[in-house]
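Residue numbers (our numbering): 402 to 1552.
Accompanying notes for the structure given below.
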C-alpha cells in the first residue's frame, strides 16, 4: 500500500497477494500501513501483532533481482529497441505510455497506474504479428520468478497487470508469461484465471472499504496467516479458540459458537447429553472427549491419553493392527514439494535399526529424472531387505507415503510388480491409523510432531514441520545453493528434519508396542493380506504370483528402443505404445488396492466412501426366495452418500470369498436387499464394498497384437496409426484446409467426408444439444446404403443402443433389409423386443460379416477379438471423450476407418490408475492435444446448439468452447415468461446466480433446498415457450434440478414431492428442460467431500448448464467464489464459477 497525498491509499498487486492469505493477514497488513498514515493507527495499537521475522526475505529478493537482471541482459542483446524505465522515476508512468504508443518491442520496469492502483511488471512484450487485433500496439505482461512452477499469487499479479493494460490500451492480453528460475518461459491463458482475479479484487476493495481497527477477523476460521502466524497463534491461545480442538471443522466451530459453546474449555465442560443442531451426537461426543483431554493436558510435559473403546464388529482396529517387531523393520518418511509442475518427491528417508545405533538412509531428487531414480533405488532397497527377512514391515505416518509410492509407480511405469507385492503382503503399516483408531490424545492435532510429545523430547532446529520443509525447499530453490546436502546448509537442515521424523516413527512404534502389551490387545493379522501367517511374520512373494500380462515383453522392448532413439517423435511413439500395452494392468492395480483398503477401513470411513454402503443392519423382514437363493433385507442410513445400485455386485467387508448381488435398493427408505446362495446367510451387521473387477483380457491381447506389429515396423491398422500420430484425416479428393467451410450444409458434408475416408481417423466433436447422435446416425445410414460393414462401440450398452435407435430412424423403411445386431447388455430394449435389432453372441460376430451391409453394436470386448480384426469397414466410437486411448487402439484393429464421435469437454472418462505420459487420456483428448475444440482441418466441430437459448449458449461457448459454439435461430423463442408476481428469478433466459448463505454444509444444504423450493413454486406460476413457439403453463416436467449428492436429492424431493426431476448430472446427460437448477450444496471448497475438482468440475458444470433450453439457475454459497486458492489447479476451477457469477450479473435483466 502506498500513501497518497490526500491521505488515502494506492494499492498494488502485492496487496492482493497479502489478501490471498486471508482476512486476518489482510487486516494486519492494513493495520501496519495505518501506522505511517496521518490520522492512522499508532504503534501501540499494533503491539500485539507484529509480522514474523523473515530472515530469508532479503536473500530471496536479492536472488530474484539477479534472475531478473540476467534475463534483462539477454534481452538487451536480442531486442535492441528495448526501453528501460528507472524503477523510481517520478515520470515512469508517462514514459511507459509513450513507449507503448511508440511501439517499443519490450518495456522493462513499466509503470502502470489506473484508478488508485499501480504496478510494475518486470517486462511488457509487444504482441507479435501484424496487424494487431486491437488496432494498436498491444502488450503482454511478463514476470521473472525464481520458482520452478507457477503459483496462484504469481498469476494474481500478472492478471492485475493485464487488467491495467486493458484499461490503458483497450485490449485484454490473452496470455500471461513467466520466466521461471531455470530460464523456462511458461505461458498461461488469461481467461483461465482472470475471473477469479476480478472476484478477489472485488472482495479486497470491499474489505478495505469496511476495514476497522477494532474489528479483528477471527484467525481460527482462516486457511493461513502468511507472515502473521505468530500473532494468530497468540490470539487463538489467549481466547482458548475452538479451532484448537483436534479434528474439528470450521463449520462445527461456527455451529458450536451459535449455541454458546465458544471455547475449548466450554466444549470440554458440556454434559454428554448436550445436543447441537446439525452436529451429529456421536460427532459432538467425540469432540467433547477430545476437548476434555486437551484441557486436562494443559501444564503437563506429556499430553494425557486414553484408549478408545473396542468395537466388537471390528476386531482389527488400533493396536490390533500392530505386528510383532522385526530387526529388519524400516521407518520411512518422504519430503515432497507440491508446487513443482507435476509435484516432486525430493527426499526419501528411512531409518533402520539393524546396527547398534539407528542408521539413516536417504535418496534425493531435484527433477523428474532424479525422482524416478530415487524411487527405483528406494523400492529396490526395501524389496531386497524384505526378501532377506519376510517379517519386515515399513512403518510410516498417514497415507502420504503409500499414496506417493503408488503415484510414482504409475507416473514412471516402473517397479510395478515390486510395489504391488509390498502392498498385497501388507508390508506398509500406517501408524497414524493405529493411533487414530486406538487412542484419544490430548494434543491439538494428531500430527507426528504433536504425538511424539508422548515419547520424544521437544525438537530444536530450523525445520520443525512438513510445511516448514516445503518452505525451506523453496528457499533452497531460490538460494542457488548446490544440490548436494553436504554443500548446502538448507538441504542439510531438511535432511536432519527428515531423519528426526524417521527416528520419531521408531520411537512411536516402541511406545505403541508397550501400550499393546499393557492393554493385552493382541495382534490381529489381516485375513485378506497375502503372506500373513497369523503371527505377523509375512512371507516374500513367489515369482509365480505375477504372471506376465499379454504383451509384457513387447512393452519392455519398445521402452528400451525409445530410450535409445535419436528421433524424439519416434521415441515418443515407441514409449506411448509400450506404455499402452500395460494400461489395463495399471488400471486394475488401484482397484485391488482400494478393495483391500476398504476392507481395512472402519465403519465411519466406509460411510464417507461413496463407493461403499456402510452400517447395514438386518431388518426383521424374513428372507425373500429368489429361485434357489434368498434375498436378505438390511436397513441403512438413507442420508449416506453411496454409488451402490441395484444390480451391483459387492463384497461383505472382511471377506473376499465371494461377492453378492444387490437385488434391490431404496435410497429414500434406507433399505437394501442382498442375494445369497442356497443355505448361506450373512451377519446381522455388515458393510458392502464394491466388486469392481471386470477382466479386460481380450482388450489387453488386442493392444499387445498392435504393439507387436508396431515393434516389427508393420502398420496393423492405418486408422490407429493415424490416431497415434495425430495425422489429418485421409479424405479422398480433399486438398487440405478446413474439412467443413462456411456455407456448407453440415449433415450432407459430413456424410460425404465419411464416405471418402480412406483408411484413417475422423473426429466429430459434438457439444451439448448440437445433434451429435443425429449426425452420426445420418453418416451411418448413408454408409449402410453404400453396402459397408459398420461397428458401433462405446463404454456403455445404453449409449450404443441410443445410437442404433437413431440409425433405425435415419434409415426409415428403406433400411429394413439391413441386418442390425447388438452384442451383450442386460437391459431389454424395444428395438430388440420388436426384432428390429437382433441379439448376437460375441463368438458369432465374425460369421455375420461375410455378406454386404451390416451394423453391429458392442463394447470394446467385442471389437477387440482377433477373429474380427480388419473385418469392418468403419467403426464408430461414440462418447469418445470417455473411451480410453488404450481401448481405441484395441477396437481400432477391427476396422479400416475409425470415426470418433463425442466431446471431451463433457463427462470425462473414468480413470482409476496413474498413467505415464499421455496414456491416461481418452482417445479424443489425445487426438485434440489440449485443444478445447477440434481444429477445422483435423475434424468437424458441430457448432450450432439446437437446444440452448443464445443467452445460455453464450456463456457455455465462451467458458468451454473457445467461443465457437452458437445457437440455431429458432432457439431464441425459448423463454420462461416473467409474471407480475415474479421476484426471485426475474430473468426469462440466460444464466442466473442465486447466492445462499450457509455454514458447515457438505453434502446437503437446507438453506439451498428452501431457496430452490421457493424458486420452483414461483416458476410454476409462469408461462413457458419452447421450440414450437407455443405458450403454456410451466409444470414440474419443465424443470430439471441437478444436485451432486444424494442427501441433497432427498432433501429436495421431501420439499417438492416425488414428481420432481432431480438427480446427479450423470443421470441427466442427454436430457433437456426449459429450466435447469444446479445446487452446489457445499458451504466452502474445504467442506466439499471431494473438493473443488469434483464440485466445480468444468465438464460436469458444462453438462449441467447445457441441459437448459431457456434458463439455467445456479444456487450456491457465496463463499465458494471467495475462497483463497492455494494451487493453480484450484484457481482454474474456481475461476469458472467466478466467470459464471460475473456473466450472470452482467446479463441480468432489470428488476
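Where a beta carbon is used, it is the ideal one built from N, C-alpha and C, also for glycine.
Since we're looking at a predicted model, the values are computed, not measured.
The alpha carbon of residue 979 has as its nearest neighbour, out of 1266, 1108, 1042 and 1098, the alpha carbon of 1108.
Cβ atoms of residue 1075 and residue 1052 stay farther apart than 8 Å, at about 11 Å. By the Cβ neighbour-count rule, residue 1084 is exposed, with fewer than 16 other Cβ atoms within 10 Å of its own. In chain order, 1348, 1349, 1350, 1375, 1427, 1473, 1474 and 1475 place their CB closer than 7 Å to the CB of residue 1510, counting only its own chain and leaving out the 5 sequence neighbours on each side. According to the DSSP secondary-structure assignment, residue 1034 is paired through a beta bridge with 1074. The Cβ-Cβ distance between residue 1454 and residue 1461 falls below 9 Å. For residue 1350, the three-state secondary structure derived from DSSP is coil.
In this chain, residue 746 is not harboured by any alpha helix (DSSP H); it is covered by the beta strand (DSSP E) spanning 745-753. Nearest neighbour of residue 1371 by Cα position, chosen from 1346, 1037, 722 and 984, turns out to be 1346.
Non-local C-beta neighbours of residue 805 in its own chain, meaning closer than 8 Å and more than five positions away in sequence, comprise 735, 737 and 746, ordered along the chain.
Between the segment 421-428 and the segment 626-637 there are three or more C-beta pairs closer than 8 Å, enough to call the two in contact. Burial is judged here by how many other beta carbons sit within 10 angstroms of a residue's own beta carbon; residue 701 has fewer than 16 and is exposed. Between residue 1219 and residue 1254, the C-beta spacing is below 9 Å.
Per DSSP, reduced to three states, the secondary structure at residue 1424 is strand.
Residue 414 is classed as buried because its beta carbon has at least 16 other beta carbons within 10 Å across all chains shown. Distances from the alpha-carbon of residue 651 to those of 1529, 614, 1399 and 1541 put 1399 closest.
Annotation for residue 596: the continuous alpha helix (DSSP H) segment containing it runs 595-610. Secondary structure of residue 1372 (DSSP, three-state): helix. In this structure residue 1185 is in contact with residue 1212, their Cβ atoms being roughly 7 Å apart against a cut-off of 8 Å. Each of 503, 857 and 519 was checked against the Cα of residue 405, and the nearest Cα belongs to 519. Three or more beta-carbon pairs drawn from the segment 1309-1317 and the segment 798-814 are found closer than 8 Å, and the two stretches are therefore classed as touching. Straight across, the Cα-Cα distance linking residue 1093 with residue 1488 is about 28 Å. The closest CA to that of residue 512, considering only 566, 468, 763 and 478, is found on 566. Cβ-Cβ separation between residue 484 and residue 505: approximately 4 Å, consistent with a contact (criterion under 8 Å). Collapsing the DSSP output to three states places residue 1507 in coil. In the structure shown, residue 579 adopts extended strand secondary structure according to DSSP, grouped into three states. Per DSSP, reduced to three states, the secondary structure at residue 524 is strand.
A distance of 9 Å or more separates the beta carbons of residue 1481 and residue 1506.
Between residue 509 and residue 561, the gap from beta carbon to beta carbon reaches 9 Å or more. Collapsing the DSSP output to three states places residue 762 in a strand. If the five residues before and after residue 690 are omitted, its C-beta is found closer than 8 Å to the C-beta atoms of 841, all from its own chain and listed in chain order. For residue 1300, the uninterrupted beta strand (DSSP E) segment begins and ends at 1296-1303. Annotation: residue 629 is outside any beta strand (DSSP E) and is labelled neither H nor E by DSSP. Residue 1001 sits buried, since 16 or more C-beta atoms from the chains shown fall within 10 Å of its C-beta. DSSP places residue 1396 inside the beta strand (DSSP E), whose first and last residues are 1391-1396. In the three-state scheme derived from DSSP, where H, G and I count as helix and E and B as strand, residue 1164 is classed as strand.
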